[in-house]
Amino acid sequence: MRNYWVMKTFKDWWTIFVSSKIVGIDEDGIDDNYLTITNGDLDYATTNLGINDEKDRFFRNFCKWMQIGDYIIIGTGKQTEFNVVGIVRVISDYIFDANAVPRHYRSVEFLKTKDYPGIEMNRFKRASLIEHITEQDFVEAISSLIP
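FYI, the numbering used here numbers position 22 of the sequence shown as 398, with every residue one higher than the one before it.
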């Protein structure tokens, strides 16, 4: 079953995403393959490194629940802004590379890109790093981009 996501990123990372054909996330304290981190390691990161439940949820969404074939609407902007800069389809499983930026990533196929700053989309202005959305939200969002 295909999933749909919105992802907010930094302008600098958007440039990396496009040039490397990836999307990714990162967080100090999650310094290994998320799928192999033990509950004890996560407890330590939560207690000592500031990894809260929200950040853990972002990683669960990105590393565990996102799948090959899923679609992502990518946006940039300040906390209360979401400017669509791209739409991608996920083409790889989750990858961890300690030397990459970002270290946690997936390969993607770019279906559409827009020059920065992108197209304002108020419906996702409160979106956090990575959020699951319904197929209906995805279709309505894509439809709103058609002139």
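Cβ coordinates follow ideal geometry from the N, Cα and C atoms, glycine included.
None of the values given here were measured: they were computed from a predicted structure.
So, under 8 Å CB-CB, residue i and residue j are touching, yes? Tell me the CB distance rounded to an integer number of Å.
i    : j    : result
T422 : N415 : Contact doesn't hold; Cβ gap of about 10 Å is too wide.
F514 : I467 : Going by Cβ atoms, the distance from F514 to I467 rounds to 18 Å, so no, they are not a contact pair.
K440 : E403 : The pair is not a contact, with the Cβ atoms about 15 Å apart (cut-off 8 Å).
When the distance is taken between beta carbons, is residue j closer than 7 Å to residue i?
i    : j    : result
Y447 : R465 : yes
P478 : I401 : yes
K384 : G451 : yes
I398 : S520 : no
G453 : R378 : no
Return the chain-ordered list of same chain residues with a C-beta closer than 7 Å to the C-beta of residue i, the five sequence neighbours on each side being excluded.
i    : result
I509 : Y380, W381, V382
D473 : R479
I495 : N459, V460, L521
I471 : Y481, R482
Here's a check: name, in chain order, each residue in its chain whose Cβ is nearer than 6 Å to the Cβ of residue i, leaving out the five neighbours to either side.
i    : result
P493 : N459
T456 : K501
M497 : F458, V460
Whole angstroms are fine: how far does the CA of residue j sit from the CA of residue i?
i    : j    : result
K488 : E511 : 18 Å
A476 : I518 : 31 Å
E516 : E507 : 16 Å
D469 : M442 : 8 Å
F393 : E485 : 11 Å
D491 : S396 : 17 Å
I413 : D419 : 10 Å
W524 : D417 : The requested residue 524 is not part of the displayed model; the chain covers only 377 to 523.
Considering only residues of the same chain and omitting the five flanking positions on each side of residue i, which have a CB-CB separation below 8 Å?
i    : result
T391 : none
- Message: Would the segment 493-508 count as touching the segment 405-413 if we require 3 or more Cβ pairs under 8 Å?
- Response: no
- Message: Taking 8 Å as the cut-off, does the segment 429-436 touch the segment 460-467 (at least 3 CB pairs, one atom from each stretch)?
- Response: no
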